[in-house]
Structure formats: C-alpha cells, structure tokens
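Trainee: Before we start, here is the structure in question, set down as structure tokens.
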Amino acid sequence: MRTTARRGLVIATTLTLLLSSTACGSDDGPGSGAPVPGVTDTEIIVGTHMPLTGPASAGYSKIAPATKAYFDYVNANGGVHGRTITYKIMDDGYNPATTQQVVRQLVLQDKVFAILNGLGTPTHTGVLDFLHTNRVPDLFVASGSRSWDQPDRYPNTFGFNPDYTVEGKILANHVKTTLPDRKVCFLGQADDFGRDALAGVEKVLGADGVTDRQTYVTSNTNVAPQIGAFKAAGCEVVILATVPGFTALSVGTAARLDFRPQWVVSNVGADHPTLARQLGDAAGLLEGMVGLNYLPMQNDADDPWIQLFTKVNTEHNGGAEFDGNTVYGMAVGYLFVQVLLAAGKDLTRESLVEAVRKGGYQGPGVAPLRFSGTDHSGYGGGRLSRVEGGEQRYFGPTYETDEADGPVNEYTAPPVAPPANGVPSA
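Structure (structure tokens):
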C-alpha cells in the first residue's frame, strides 16, 4: 500500500467516470467551442496534491478526504448546476519533486478542470509556473505563503489560509500585549513559511524583540539543537511556525530538556487533537499552548457549521476522527462549491477564476475572505485559542490585519450560519 500511495492515491467522488460527453463552454473563453478540460454535462473533475504519507502527513492526510466527503454530500443533493464533482487526490509525500510529477499527471493525463487546495509551501511553489503556463485555475492553496497573492504574475492562483505574515503579526500582538518584557524566540520552517511568519512577528516586536531565531527542515527530525539554543538563551516565549509533526517534536524535546516556555503556535501546527495523538501520554505538555485559527473550533458542538460538518463526516467520511483538519477540508469544499455556482452553468476556467476575483463570499470562517482582482490571499485574520483542561477553546476577539505595516484590529462582523440543507445556493 505504501508504494501505491506514493504513486498517487486517486479518490473519485463518483462511482464511474463518463468516457464521452457533450462539451460545455470553452477552455479558451466563452463561445470558442473548444472542450473545457475536466467538464462535461454531468461531471466536474478536480485534482489536488496532498501529503498522504511523509513528514507532513500527520493531520494533513485527513484534509482532502474531508473535502471529498463534502463534495459527496453536495453530489447527493443534486450537485452543482446538475454536475457531480469528482475529486482526484494524489499523494506527494510533501516532496517537491513528487509534487511536480503528480500535478503534471493531473493536468496533462487526467485533464482536471482545476487544482484545488494543493498543500505545502515548498511543494506548491514548484508547480506555480507550470499551472500558470497551462492556464489551470489554482484555487485555495493550503498554505499561507505570500507567493499565492501575486495577481499580476499568477492571475489564476488564490490562497486560502491567512498569509503567514498576517498570522505572525496577530500572534506577536498577543505576546506584546499580554506577555510584555518576556524573552521571545522563534522557530520556523526553512522556507517561505518560516520567513514570512518571522517577518510578521518582527513587524510587531521589532528585530530586537526576538532574542533567538532558529529554523528546521522536514528531512531532519532532530530539533534538540534548536530547542537547546532557546533554553540557553533564556527564552520564555517560543513562537512556532511549524507543521504539526514539528510542533510535537519541539514540545516533546523541550520537556526532555526540562525547558517549559509559553508556546505560541501558527494555525498550521496548532490543531490540538492532531498534536495530542502524536504526543500520546505526553499530551498534557500542550496545556496552555496558544494558537490561532480562522474556522469554527472542532469541539464546539453548538456551532451550526460543526453540526453540519459532523453530519457530513458521519454520512460520507466513514465517521473518521473529527478534528481541525476535517473542518478545514470541508470549509475548502464549501467555498469551492460557492465559486462553482457563481461561475454559472456555462462553466469555463475563465468564468471560475473571475468568480473568485469578484469576492463577497461568506462561510464558516470567523475572519473575512479578501478575494478581489488585486488580492488573492484568502482569509485576512484569525482568532486566538488556548488549550485548557485538555480542550482547545477560542478566547478574545477575532483580529484582522495586512501583511504590511498596518495595525492589528478587531474584526467585529458576526459569523453567518450555513444554509438549512448545508449546500450553498447560486
């Protein structure tokens, strides 16, 4: 099974693929008569690359199946403009070379309509130019890199997560206002993820406000040198821009070194159920951890979005363990269905991209989506969470900011409820 997974696991939301159909719309623009890749009268085929195996698979391997489950739910309720959605999920093992292989297969062989929610900063960066050259919609990248927000260079690429600089500013603002005069240190992934997050932290705390900075690479699971350096520097607060596996490694390594700082963690690596599974009997080390999120908390049974997603998870995802990754995957699916509806029945790649640019979408997020013709960055803020008594809960207001030097402000718009049937309408 491992070899099969590495070659690419394909999960289709329909039982059979139609081998022939009437072409709908045009890949070159409305009215040209050319077939639209991945679109027939009855089906829309979309693809993604995900780390189903490898160093980032903890938690993240659950995202695409959750998105697929939401598509199955929509398909069972009539689909989108009469079409069902088929989701092809390819395992890239969080390896950029493999990402290029599987994305080329999805585009050139499988002829997908769009790439949706491809995960990872180092992985997805390597396919940006290929997707741009082939004019493939590249929607809701599962990363907060600012690379996705380049409308002039990559007009068909859009983010989803808050960008890491925005997130870094919000986390640093919390440290500045509630933990003043503490020695703050930073550990980040050695790519745009870590660099962008550190840029946000330093915009609020200043370069002199960070006592020590360390990086890691996912190919080396020994973080003892970095954590040991933090202990030696007397760090009292450690901000982590880490994937879940390296959040757990950092916390566990610190405990072995008898080092107990206040952990402040990027949304990327702060999902408590995922971390608790990895730490096992040592899950209590997560007590007091502060994180950031922008979607409903997975354990809030009173939230109508969680009620909807729990139902979908039960009916179409085999009752898989429900955590923040599940919520994330279904939120991506919901937004994609909104955009498909807005793009219209005469579906083309151009109409899909234009529908995202128009913006105005509301869904499960607690922060605003910022899509426009000049902003492709996705969510513009988030809310802080804390682990107390083994439970992760929100506290305080939602914040929004920019990736430049703007202030961190409270975002006061109330959340919206899902439609009664759980499917957006046109």
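Read in order, the letters of the sequence shown correspond to residues -25 to -1, 1 to 401 in mature numbering (1 follows the signal peptide of the UniProt record, and there is no 0). Ideal Cβ placement from N, Cα and C applies to all residues, glycine included. Being a predicted model, the structure only gives us computed values, none of them experimental.
(1) Assuming Gly304 and Ala41 make a contact with CB atoms under 8 Å, what is their CB distance in whole Å?
(2) Would Glu135 and Gly353 qualify as a contact pair, given that the criterion is a beta-carbon distance under 7 Å?
(3) So Arg345 is in the alpha helix (DSSP H); what residue range does that whole segment cover?
(4) Can you give the Cα-Cα distance for Val102 and Asp156, rounded to whole angstroms?
(5) Name the residue from Val49, Gly57, Val78 whose alpha carbon lies nearest to the alpha carbon of Met25.
(6) Would Pro382 be called buried (16 or more neighbouring beta carbons within 10 Å of its own) or exposed?
(7) Among Gly95, Gly263, Asn197, Ala388, which residue has its Cα nearest to the Cα of Ser360?
(8) Does the Cβ of residue 403 have 16 or more other Cβ atoms within 10 Å, making it buried, or fewer, making it exposed?
(9) Under the rule that 16 or more other beta-carbon atoms within 10 Å means buried, what is Ser400, buried or exposed?
(10) Let me confirm a value: Arg368 is counted as buried when at least 16 other C-beta atoms fall within 10 Å, else exposed. Which label applies?
(11) Which residues does DSSP pair with Leu106 in a beta bridge?
(12) Entirely within the region 270 to 336 and at least 4 residues each: give me those alpha helix (DSSP H) ranges in chain order.
(13) Measuring alpha carbon to alpha carbon, tell me which residue in Tyr191, Tyr269, Thr74 is nearest Thr28.
(14) Please classify Asp277: is it buried, with 16 or more other beta-carbons within 10 angstroms of its beta-carbon, or exposed?
(15) Quick one: any contact between the region 154 to 170 and the region 199 to 211, if contact means 3 or more CB pairs under 8 Å?
(16) On the criterion of 16 or more Cβ atoms from any shown chain inside 10 Å, does Ala9 qualify as buried, or is it exposed?
(17) Taking just the CA atoms, how far does Thr17 sit from Lys320?
(18) Excluding the five sequence neighbours on either side, which residues of its own chain have a C-beta within less than 7 Å of the C-beta of Asn396, listed in chain order?
(19) Closest by CA to Thr23, which one among Gly348, Ala117, Gly34?
(20) Considering Cα atoms alone, identify which of Thr59, Ala44, Lys43 is closest to residue 404.
(21) Please name the residue, chosen from Phe133, Val212, Phe297, Gln253, that lies closest to Leu146 on a Cα-to-Cα basis.
(22) In three-state DSSP terms, what is Pro390?
(23) Starting from Phe370, trace the beta strand (DSSP E) in both directions and tell me its first and last residue.
(24) I think Thr217 touches Gly244, with their Cβ atoms under 8 Å apart; what is that distance to the nearest whole Å?
(25) Tell me which residues share the same chain as Pro248 and place their Cβ nearer than 6 Å to its Cβ, disregarding the 5 neighbours each side in the sequence.
(26) Measuring only the C-alpha atoms, how far is Ala315 from Val331?
(27) How far does the alpha helix (DSSP H) with Leu180 in it reach, from first residue to last?
(28) On the criterion of 16 or more Cβ atoms from any shown chain inside 10 Å, does Val391 qualify as buried, or is it exposed?
(29) Would you verify that the beta carbon of Cys210 is, or is not, closer than 7 Å to some beta carbon of chain B?
(30) List the residues that DSSP assigns as beta-bridge partners of His247.
(31) Looking only at C-alpha atoms, which of Pro339, Glu325, Asp187 sits nearest to Asn109?
(32) Could you pull the DSSP bridge partners for Gln189 from this structure?
(33) How many whole angstroms separate the CB atoms of Leu310 and Ala318, which I take to be in contact at a CB cut-off of 8 Å?
Mentor: Concretely, from the data shown:
(1) Locating residue 304 in the sequence shown gives position 329, counting from the first residue. Locating residue 41 in the sequence shown gives position 66, counting from the first residue. At roughly 3 Å, the Cβ-Cβ gap stays under 8 Å, so Gly304 and Ala41 are in contact.
(2) The count along the sequence shown starts at 1 and reaches residue 135 at position 160. The count along the sequence shown starts at 1 and reaches residue 353 at position 378. Rather than Glu, the amino acid found at residue 135 in this sequence is Phe. Going by C-beta atoms, Phe135 is nearer than 7 Å to Gly353.
(3) Counting from 1 along the sequence shown, the entry for residue 345 is found at position 370. Run containing Arg345: none; DSSP gives neither H nor E here.
(4) Taking the sequence shown and counting its residues from 1, the one referred to as residue 102 is at position 127. Taking the sequence shown and counting its residues from 1, the one referred to as residue 156 is at position 181. Taking the straight line joining both Cα atoms gives about 43 Å.
(5) In the sequence shown, counting from the first residue as 1, residue 25 sits at position 50. Looking at the Cα atoms, Val78 is the closest of the given residues.
(6) Locating residue 382 in the sequence shown gives position 407, counting from the first residue. Exposed, since its Cβ has fewer than 16 Cβ neighbours within 10 Å.
(7) By one-based count along the sequence shown, residue 360 stands at place 385. When only C-alpha atoms are compared, the closest one is Gly263.
(8) It is not possible to answer for residue 403, since the shown part of the chain is limited to -25 through 401.
(9) Your numbering for residue 400 matches position 425 in the sequence shown. Counting Cβ neighbours within 10 Å, Ser400 comes out exposed, since fewer than 16 surround it.
(10) Residue 368 sits at position 393 when you count from the first residue of the sequence shown. Burial is judged here by how many other beta carbons sit within 10 angstroms of a residue's own beta carbon; Arg368 has fewer than 16 and is exposed.
(11) Taking the sequence shown and counting its residues from 1, one reaches residue 106 at position 131. According to DSSP, which records beta bridges pairwise, Leu106 is partnered with nothing at all.
(12) 279 to 291, 299 to 318, 324 to 333
(13) Taking the first residue of the sequence shown as position 1, residue 28 is located at position 53. Comparing Cα-Cα distances from Thr28 to each of Tyr191, Tyr269, Thr74, the minimum goes to Thr74.
(14) Taking the first residue of the sequence shown as position 1, residue 277 is located at position 302. Classification for Asp277: exposed.
(15) yes
(16) Position 34 of the sequence shown, counted from the first residue, corresponds to residue 9. By the neighbour-count rule (16 or more Cβ atoms within 10 Å), Ala9 is not buried but exposed.
(17) Indexing the sequence shown from 1 puts residue 320 at position 345. Indexing the sequence shown from 1 puts residue 17 at position 42. Roughly 11 Å separates the two Cα atoms.
(18) As a first step, residue 396 must be located in the sequence shown, where it is residue number 421. Same-chain partners within the cutoff: Asn52.
(19) Taking the first residue of the sequence shown as position 1, residue 23 is located at position 48. When each option's Cα is compared against that of Thr23, the closest is Ala117.
(20) A query on residue 404 cannot be resolved here, the shown segment of the chain reaching from -25 to 401 and no further.
(21) The residue given as residue 146 occupies position 171 in the sequence shown. Leu146 has its Cα closest to that of Val212, out of Phe133, Val212, Phe297, Gln253.
(22) Translated into the one-based positions of the sequence shown, residue 390 becomes position 415. DSSP places Pro390 in coil when its eight states are reduced to three.
(23) Taking the first residue of the sequence shown as 1, we reach residue 370 at position 395. Phe370 -> beta strand (DSSP E) spans 366 to 375.
(24) Stepping through the sequence shown from its first residue, residue 217 is reached at position 242. Stepping through the sequence shown from its first residue, residue 244 is reached at position 269. About 4 Å separates the two Cβ atoms, so the contact holds.
(25) Counted from its first residue, the sequence shown places residue 248 at position 273. Asp298, listed in sequence order.
(26) Residue 315 sits at position 340 when you count from the first residue of the sequence shown. Residue 331 sits at position 356 when you count from the first residue of the sequence shown. The sequence shown places Leu at residue 315, not Ala. Cα to Cα, Leu315 sits roughly 9 Å from Val331.
(27) As a position in the sequence shown, residue 180 is number 205, starting the count at 1. It spans 167 to 180 - the alpha helix (DSSP H) in which Leu180 sits, taken as one unbroken run.
(28) On the sequence shown, residue 391 is found 416 positions in, with the first residue counted as 1. Its Cβ having fewer than 16 others within 10 Å, Val391 is exposed.
(29) Among the chains in the structure shown there is no chain B, since it carries only a single protein chain.
(30) For the purposes of this step, residue 247 is taken as the residue at position 272 of the sequence shown. Note: His247 sits in no beta bridge, so no partner.
(31) As a working mapping, residue 109 is identified with position 134 in the sequence shown. For the residues Pro339, Glu325, Asp187, the minimum Cα distance to Asn109 belongs to Glu325.
(32) Taking the sequence shown and counting its residues from 1, one reaches residue 189 at position 214. For Gln189, which the question treats as bridged, DSSP gives the partners Leu162.
(33) As a first step, residue 310 must be located in the sequence shown, where it is residue number 335. As a first step, residue 318 must be located in the sequence shown, where it is residue number 343. Not really, about 13 Å apart at Cβ, beyond 8 Å.
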